[in-house]
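Have a look at the structure below before the remarks.
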Amino acid sequence: MDGTEPHAEGGPLTSPLHERHLALGAKFADFGGWSMPLEYPSGVVKEHTAVREAVGLFDVSHLGKITVVGPGAADYVNATLTNDLGRIRHGKAQYTLCCDDATGGIVDDLIAYLHTDDRVLLVPNAANTAEVARRLIGGAPDGIAIKDRHRDYVVLAVQGTKSDEVLEKVGLPAGHEYMSFVEAPVPGDDQTDAGVVVCRTGYTGERGYELIAANSVAGVLWDQLMAAGEEFGMLPCGLGARDTLRTEMGYPLHGQDISLSTTPNEGRLGWAVGWSKPAFWGREVLRREKEEGPKRILRGIVATGRAIPRPGMAVSLTPDVQVGEVTSGTFSPTLRKGVGLALVSAVVNPEAEVGVDVRGRREIFQVTQPPFVQPKVRES
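One gets my numbering by counting positions in the sequence shown from 1 and adding 369 to each.
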């Protein structure tokens, strides 16, 4: 499949690296309409541990890619999405939110790459790419072109304490500051002038990088990274480990922890809102909600016993008083206990003990503020 765009053939889309994942024995699952590796024969726990202690390589090509190009492109993005692009310089990336203008609900959370004032790359979640693009196209002024490039680029995440060493061995730039990106030639590719964007970002809480490149060089890039990572204990990692890693950090997942029915205030994402900006979608309703206080808040929960929380489980203050439900939950390979996120009533004390209905048993959990594991993502 190298050099071809993802295809569906009546089924889910696949990464340009699909054949390599098959050869590695990956198990697949559907993610936003894409068939992507869930885990490899090593298993989720070993893949998770590789990222925490060494390095892991993820194919996350299902993530969306939207280009916004034209005079004033950055100003247009800044007037629509929540965070303030004016806070960052060219060559930096920023976490931001696309909210509904009428309700303030989160259409999607995404990363904005600020190349120039006239060129911005947006990376939304797979399932929401078309909707984010539709909303941006609907309000775009003349001269600004918005294109859904979802199928045109591969996205690889090199995550873990040895990620710098892997990139350096390959010949890619490493060591730049958190949330900054550098464009470089693809190592080992003499056939095209395609480049790779190397951004110091990730969804694991570990020091790491996300690489964006054209599908035509996907195979070359993957093979180079796999070969370079061998001496550092690198494992190919699936989206199962990606989920346990992000849950340990308390990072929200759209469609579970945040959604169109959840606002940034409820999701504790107010830090990603440029409250002083004159305009962004949902500004008025979100400012009003912030002043009044949200009625629900996304909280972290940690098991006091051996129970493991799962999405949809009821959360209660007393056996008779339900106050919310679990939105994400897993067994933490690092802590060796159950952790999760729960959307609960604002009346719940941020340090309270709550009950979670785990298969008919009321198990006790401690409410806490994530992350559950100390992040290393910003370490120099």
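Note that the Cβ used here is the ideal one computed from N, Cα and C, for glycine as well.
Note that the coordinates shown come from a computational prediction; the quantities given were computed from them, not determined experimentally.
query                                                                                                          : result
Supposed contact pair serine 685 and glycine 643 - C-beta distance, whole angstroms, cut 8 Å                   : Contact flag wrong, Cβ pair sits at about 37 Å.
Whether histidine 623 touches alanine 526 by CB criterion (9 Å)                                                : no
Top-ranked residue by Cα proximity to leucine 638, from Cys467, Leu483 and Ser430                              : Cys467
Whole runs of the beta strand (DSSP E) within the region 656-701, excluding any shorter than 3 residues        : 665-672, 683-687 and 690-701
Selection from Gly473, Ala583, Glu600 and Val489 that minimises the alpha carbon distance to asparagine 447    : Val489
Identified DSSP bridge partners for glutamate 770                                                              : With the chain represented from 370 up to 749, any question about residue 770 goes unanswered, as that position is not in the structure.
Cβ-based burial, arginine 389 [other Cβ within 10 Å; buried from 16]                                           : buried
Residue closest to valine 671, alpha-carbon to alpha-carbon, out of Ala648, Lys646 and Pro719                  : Pro719
Those runs of the alpha helix (DSSP H) which lie wholly inside the region 556-613 and span at least 4 residues : 587-598
Helix, strand or coil at leucine 386 [DSSP, three-state]                                                       : coil
For proline 554 and threonine 472, the rounded distance between their alpha carbons                            : 43 Å
Rounded C-alpha distance that separates glycine 372 from valine 716                                            : Bear in mind that a pLDDT of 43 at glycine 372, under 50, signals an unreliable position, so the number given afterwards is only what the model happens to contain. One C-alpha to the other measures close to 54 Å.
One or two residues paired with glutamine 463 in a DSSP bridge                                                 : Ala481
Contact the region 477-488 vs the region 683-697: 3+ CB pairs below 8 Å                                        : no
Those residues which DSSP pairs with alanine 530 across a bridge                                               : A quick correction: the sequence has threonine, not alanine, at residue 530. According to DSSP, which records beta bridges pairwise, threonine 530 is partnered with nothing at all.
Pairwise C-alpha distance: isoleucine 666 and threonine 530                                                    : 32 Å
Check whether aspartate 753 and asparagine 584 have beta carbons under 9 Å apart                               : Residue 753 falls outside the range modelled here, since the chain spans only 370 to 749, and no answer is possible.
Segments assigned beta strand (DSSP E), at least 3 residues, entirely inside the region 421-446                : 425-428 and 435-438
Residues that DSSP places opposite isoleucine 475 in a beta bridge                                             : Cys468
Limits of the alpha helix (DSSP H) - the one that threonine 449 falls within                                   : Element bounds for threonine 449: n/a, residue is neither H nor E.
Local conformation of tryptophan 320 per DSSP, three classes                                                   : The question about residue 320 has no answer here: the residues shown for the chain are numbered 370 through 749.
Proline 719 Cβ short of 8 Å to the ligand SAM heavy atom set                                                   : The model on display carries no ligand, and the ligand SAM is accordingly not part of it.
Assigned secondary structure, arginine 456 (DSSP; H/G/I helix, E/B strand, else coil)                          : helix
Three-way DSSP call (helix, strand, coil) for lysine 745 in this model                                         : coil
Residues that proline 554 bridges to, as DSSP identifies them                                                  : Gly564
Beta-carbon proximity check, alanine 514 vs valine 438, cutoff 9 Å                                             : yes
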